[in-house]
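Everything below concerns the one structure shown next.
Residue numbers (the numbering used here), protein chains in the order written: chain A, 1 to 212; chain B, 1 to 157.
This is the structure:
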C-alpha cells in the first residue's frame, strides 16, 4: 500500500464529499456544479468546493463544456464539468498484494491453455457470491460492478478486474462472464441471462431480464 | 503514425467444412464492424464481402491485416466490440499455437505495408521478442518510442 493511496482515499471521509464523488462516479456523463449540488442537496458553492478538492487529490478530472445549446455572444462561458479520473487506488491494512499473484496466475492459465477450467472455477465462485432470492442489482453493486439500466437490460459501468482485463482480456472477460452466470445460478434467477456485450470503457457483460 | 497489425490463425478443418461454418458466417459481419469502428484506417480485403484474404502462406492459414489510428482504437475493436464474442470461440475453429500469432508496428500515415512485410514483422517478433519494430498489446511501444529508435528508422527505409 502506498501512503499516497491512503491519503487519496482519506479525502472521501467527509460525508458530503463522499456523496458528491459517488454521484459523479455513478453518472455516464460529465457533471456540472449545479447538477452535483442538486443531486446531493447542498449549496452550489459547497458542491463546487468538494468537486475541486476531489480534482486536487486526483479522484475526479475536470474540464470545461457548454451545458446549453446556445452559442455565440450572450451564451455565457463554458461551465466547469467533472468526471471520474481513470486511475485506481487501493488501501489494505496490513499490506496485501493480490494483484501480483493474480497476474502471475493469469499468465500461467494462458500458458497452460487452461481457460475452460478457469471459467468453470469462476462460475463456481460466482454462485457463491449470491444467495437465492437476493436482488441481482444489489449483488452487482456490492461487487463493484456499478450496474445501471438501459433499454430493459442491466449494464455494468465498472470492470472490477480492470487491470487484469487489460493484460489478459480474453481470459478475464470469459471468466467474468462465467462469474456473472454463476451469480445468476446462486440467485436462482432462471429467467435472466448474462452475455458478452462489450463497450469501450465499461464491463464486458450485460444482463437481459426479458423473460422475467 | 498509424498502427499496423496482423494476426494469423491455423484452421482446424478446411474452409468449407461444417466445423468452420460459424466462423465463415461471421467474416462479413465482423469486417463490417471493423470498417465502421472509430479509428479504423484500412484492412486487407478478400475478393468479395465475407471472403477469406487470399495469400501464399498455406491454405490452412487465416490472415487478418489492418491499419488503425491508435492503440486504443484497435483495442476497442478487438476486445470492446462484438468481435470479442467471435474471438472467444477461436478454439472451436483454430489450433492452439505456442508461438506468436499476432504482431503490431507503426507505419507512416498514408503508407500501406505489403503482406510480405507484415509476415516479416511476425518473424521478427518470434526471433527477437517485442521491440519497437515488432510488438504486442502486452509489450506495447508507442509511436514516439518507435520513431526515435534507430532500428525503427532503418526499417522505414
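Where a beta carbon is used, it is the ideal one built from N, C-alpha and C, also for glycine.
Does DSSP put residue i in a helix, a strand or coil?
i	result
residue 1(B)	coil
residue 81(B)	coil
residue 23(A)	helix
residue 98(A)	helix
residue 136(B)	coil
residue 65(A)	strand
residue 42(B)	strand
residue 95(B)	coil
residue 79(A)	strand
residue 91(A)	coil
residue 153(A)	strand
residue 16(A)	helix
Could you tell me the alpha carbon to alpha carbon distance between residue i and residue j, rounded to whole angstroms?
i	j	result
residue 111(A)	residue 40(A)	49 Å
residue 89(A)	residue 179(A)	24 Å
residue 117(A)	residue 37(A)	49 Å
residue 45(A)	residue 193(A)	45 Å
residue 57(A)	residue 86(A)	13 Å
residue 18(B)	residue 24(B)	10 Å
residue 106(B)	residue 47(B)	26 Å
residue 140(B)	residue 104(B)	9 Å
residue 130(A)	residue 181(A)	11 Å
residue 36(B)	residue 68(B)	12 Å
residue 166(A)	residue 57(B)	31 Å
residue 212(A)	residue 191(A)	Its pLDDT being 44, under 50, residue 212(A) is placed unreliably in this model, and the value from its coordinates should be taken loosely. Approximately 5 Å between the Cα atoms of the pair.
residue 10(B)	residue 137(B)	21 Å
residue 129(B)	residue 135(B)	8 Å
residue 80(B)	residue 51(A)	30 Å
From the DSSP output, read off the bridge partner residues of residue i.
i	result
residue 6(B)	65(B) and 103(B)
residue 9(A)	Answer is none; residue 9(A) lacks a bridge partner.
residue 214(A)	Outside the displayed span of chain A (1 to 212) sits residue 214(A), for which this structure offers no information.
residue 131(B)	134(B)
residue 32(A)	81(A)
Can you pull the chain B residues whose beta carbon is under 9 Å from the beta carbon of residue i, in chain order?
i	result
residue 196(A)	82, 84, 85 and 88
For residue i, go through chain A and note every residue whose CB falls closer than 8 Å to its CB, in chain order.
i	result
residue 76(B)	200
For residue i, which residues in chain A fall below 7 Å Cβ to Cβ?
i	result
residue 96(B)	113
Anything in chain A within Cβ reach of residue i, meaning under 9 Å, just list it in chain order.
i	result
residue 141(B)	Chain A residues near residue 141(B): none, gap ~16 Å exceeds 9 Å.
residue 101(B)	Here the premise fails: no neighbours, minimum Cβ distance about 13 Å.
Starting from the beta carbon of residue i, find every residue of chain C whose beta carbon is closer than 8 Å, and list them in chain order.
i	result
residue 203(A)	Reference to chain C is not applicable here, since the protein chains of this structure are A and B.
Scan the region 125 to 139 of chain B for residues whose Cβ lies nearer than 9 Å to a Cβ of chain A and list them as they occur along the chain. Taking 9 Å as the Cβ-Cβ cut-off against chain A, the residues of the region 125 to 139 of chain B that qualify are 137 and 138.
Give me the subset of the region 150 to 184 of chain A whose CB atoms are less than 7 Å from a CB atom of chain B, sorted by chain position. Taking 7 Å as the Cβ-Cβ cut-off, the region 150 to 184 of chain A approaches chain B at 167, 169, 170, 173 and 174, given in chain order.
Looking at chain A, which residues of the region 48 to 61 of chain B have a Cβ within less than 7 Å of any of its Cβ atoms? Per Cβ criterion, the list is empty.
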